[in-house]
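Here the sequence shown stands for residues 1 to 270, numbered as in full-length UniProt numbering.
Everything on this sheet refers to the single structure shown next.
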Amino acid sequence: MTNLSAPVYSTLTLHLRAPGVAQVTMARPAVFNAFDETMIAELDAVFTELANDAAVRVVVLAGDGKHFSAGADLQWMKRASTASTDWNLQDARRFAAMLARIENCPKPTVARIQGAALGGGVGLACACDIAIANNNASFAVSEAKFGILPAVIGPYLVNAVGKRQAKRLALTTTRIHATEALAIGLVQQVVEGEALDAAVDATVKELLAGGPQAQGEIKQLYAQLEVGPISAEVLELTAQTISRVRGTDEAREGFAAFLDKRPANWIPQT
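Given below as structure tokens:
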């Protein structure tokens, strides 16, 4: 496995949470883990690194201190407001690429959310496969307050909560608490504050029980599926996918392990 203790990043920490589980922690607590150009580049780099590390099965994204992420660093946004259109386009493309890197990570990703998740912090939560929050968490899509809009995070927000809820959050900039975030699908689990890490670990344990190649296939297939009528093309895509995956070594091991009443060989031994 990659040397997760190496001090490669200036805005992030990276450590082994459990065997096969890497935790990426945004480490700018003095500004509530707001991100700027440097953190965006480092998040892109670390998710690239972990996606290519065969020993990493699951990635947890967390924030240091009281809050998950306050979104865009206001000093960064202030610089952007006086920069050229071309500079802003290149900068926004880097932000968009980073969110896509998280969304398209072939490993399952879990957001561990405490305190505030604002603006782009909501986008980070939505880009992860699973979001778990403690009951003191709150969320706001706050960009319109600053005369801008949640454009880059918009597709991830819409995918998480649906178009109407996404528009409400973006237009009103209202702050919602964890229970409402759960009700609309922004997060999938809410727990008491002290139970947050236990809840994350329980989900990670479930993820580690699944076949890693199968989970990569799930992410790739589900990225191509949309809510609505099921077309002939989708029927063929799903049939082609399962027929291919049934013949893999991982599938053979999975069925053999079940029939032999033993753990599959991809489950970490503790």
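Note that the Cβ used here is the ideal one computed from N, Cα and C, for glycine as well.
Out of the options, which one is the CA nearest neighbour of residue i?
| i | options | result |
| --- | --- | --- |
| Ala-151 | Ala-96, Ile-218, Val-58 | Ala-96 |
| Asp-64 | Leu-74, Arg-28, Phe-47 | Arg-28 |
| Glu-180 | Gly-147, Gln-215, Ser-138 | Ser-138 |
| Gly-119 | Leu-157, Phe-258, Gln-224, Ser-231 | Leu-157 |
| Val-187 | Gln-165, Arg-164, Ala-160 | Ala-160 |
| Asp-91 | Arg-79, Arg-101, Lys-219 | Arg-79 |
| residue 302 | Glu-143, Leu-89, Tyr-9 | Look at the range of the chain in this structure, 1 to 270, and you will see that residue 302 is not part of it. |
| Asn-52 | Ile-102, Thr-13, Tyr-9, Arg-94 | Ile-102 |
| Leu-207 | Thr-85, Val-141, Thr-13, Ala-264 | Ala-264 |
| Pro-106 | Ala-54, Ala-209, Gly-216, Gly-121 | Gly-216 |
State the Cα-Cα distance for the pair residue i and residue j, rounded to the nearest angstrom.
| i | j | result |
| --- | --- | --- |
| Gly-193 | Glu-236 | 45 Å |
| Asp-44 | Asn-104 | 11 Å |
| Asp-36 | Ala-72 | 6 Å |
| Trp-76 | Gln-189 | 32 Å |
| Ala-127 | Val-234 | 23 Å |
| Val-200 | Ala-22 | 12 Å |
| Pro-261 | Gly-254 | According to the sequence provided, residue 261 is Lys. The question's Pro does not apply to it. Looking at the two C-alpha atoms, the distance is approximately 11 Å. |
| Lys-167 | Ser-81 | 24 Å |
| Leu-50 | Val-59 | 8 Å |
| Val-204 | Gln-114 | 18 Å |
| Pro-229 | Asp-129 | 24 Å |
| Lys-145 | Leu-169 | 12 Å |
| Phe-258 | Ala-34 | 45 Å |
| Pro-212 | Ala-41 | 27 Å |
| Glu-250 | Ala-214 | 8 Å |
| Thr-48 | Arg-112 | 20 Å |
| Pro-19 | Pro-268 | 6 Å |
| Arg-175 | Asn-135 | 14 Å |
| Ile-153 | Glu-226 | 18 Å |
| Arg-252 | Arg-246 | 8 Å |
| Thr-248 | Ala-30 | 48 Å |
| Ile-218 | Arg-93 | 27 Å |
| Gly-162 | Val-56 | 31 Å |
| residue 285 | Ile-184 | No answer is possible for residue 285: it lies beyond the span of the chain, which begins at 1 and ends at 270. |
| Thr-13 | Ser-231 | 44 Å |
| Thr-173 | Pro-155 | 17 Å |
| Ala-140 | Leu-171 | 11 Å |
| Ala-198 | Gln-240 | 38 Å |
| Gln-220 | Ala-100 | 13 Å |
| Thr-85 | Met-98 | 20 Å |
| Gly-210 | Ala-202 | 13 Å |
| Val-122 | Thr-238 | 31 Å |
| Val-191 | Gln-165 | 23 Å |
| residue 354 | Gln-224 | Here the chain comprises residues numbered 1 to 270, so residue 354 is not present and cannot be evaluated. |
| Trp-87 | Arg-244 | 45 Å |
When burial is assigned at 16 or more other CB atoms within 10 Å of the CB, is residue i buried or exposed?
| i | result |
| --- | --- |
| Trp-266 | buried |
| His-15 | exposed |
| Tyr-222 | exposed |
| Ile-242 | exposed |
| Arg-17 | buried |
| Leu-89 | exposed |
| Ala-178 | buried |
Can you round the beta-carbon distance between residue i and residue j to whole angstroms, since I take them to be within the 8 Å contact cut?
| i | j | result |
| --- | --- | --- |
| Leu-196 | Ile-132 | 7 Å |
| Leu-182 | Thr-109 | Actually they do not touch by this definition, with Cβ atoms about 19 Å apart. |
| Ala-83 | Phe-32 | About 24 Å separates the two Cβ atoms, so there is no contact after all. |
| Ala-116 | His-67 | 4 Å |
| Thr-38 | Met-26 | Their Cβ separation, rounded to whole angstroms, is 11 Å, which puts Thr-38 and Met-26 out of contact at 8 Å. |
| Val-46 | Val-24 | 5 Å |
Start-end ranges of the alpha helix (DSSP H) lying completely within the segment 45 to 86, minimum 4 residues: 74 to 81
Contained beta strand (DSSP E) runs [length at least 3] in the segment 127 to 212, N- to C-terminal order: Within the segment 127 to 212, complete beta strand (DSSP E) segments of at least 3 residues are found at 130 to 134, 138 to 140, 175 to 177, 189 to 191, given in chain order.
Minimum length 3: unbroken beta strand (DSSP E) runs contained in the segment 241 to 266: none
Any beta strand (DSSP E) of 3 or more consecutive residues that is wholly inside the segment 95 to 125: 109 to 113, 116 to 118
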